[in-house]
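Peer 1: In UniProt numbering, the protein residues as written are 1 to 87. The structure under discussion is supplied below as structure tokens; questions concerning it will follow.
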């Protein structure tokens with residue numbers, strides 16, 4: 001488990017991706033084949049972070065900010081990803 005405390009600002013996607021990448025690199029130094037799942041609040045739900053996780057075999061559960069959860073297209077994309085993952 002890791003906690004990143006930042007000053008009172010919402011980090012951008014590049015910044016969040018850098019934190020996630022560093023943490024994965026650190027975990028992989030000891031546990032090479034461990035399945036990793038990130039759980040983060042809505043500010044982690046950035047396209048840069050999600051794309052990096054998907055491209056590197058990392059699972060994630062991020063909260064959703066704004067009205068994205070109610071978007072029919074977003075819901076369909078989630079269902080497709082879950083079915084591809086065998087969930």
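Beta carbons are placed, not taken as given, at the ideal position from N, Cα and C, and that holds for glycine.
Which stretch, first to last residue, makes up the alpha helix (DSSP H) that contains residue 49?
Peer 2: Here the alpha helix (DSSP H) through residue 49 covers 47-55.
Peer 1: Along the chain, where does the alpha helix (DSSP H) that runs through residue 27 open and close?
Peer 2: Run containing residue 27: 13-30, per the alpha helix (DSSP H) assignment.
Peer 1: In three-state DSSP terms, what is residue 40?
Peer 2: In the structure shown, residue 40 sits in a strand (DSSP, three-state: E or B).
Peer 1: Looking at C-alpha atoms only, which residue of 80, 8, 16 is the closest neighbour of residue 39?
Peer 2: Answer by Cα proximity: 16.
Peer 1: Is residue 31 buried or exposed, if buried means 16 or more other CB atoms sit within 10 Å of its CB?
Peer 2: It counts as exposed.
Peer 1: Using the Cα positions of residue 27 and residue 43, report the straight-line distance between them to the nearest angstrom.
Peer 2: Rounded to whole angstroms, residue 27 to residue 43 spans 22 Å at the Cα level.
Peer 1: For residue 63, collect the residues of the same chain with a Cβ closer than 6 Å to its Cβ; drop the 5 residues on either side in sequence, then sort them by chain order.
Peer 2: Here the set comprises 41, 42.
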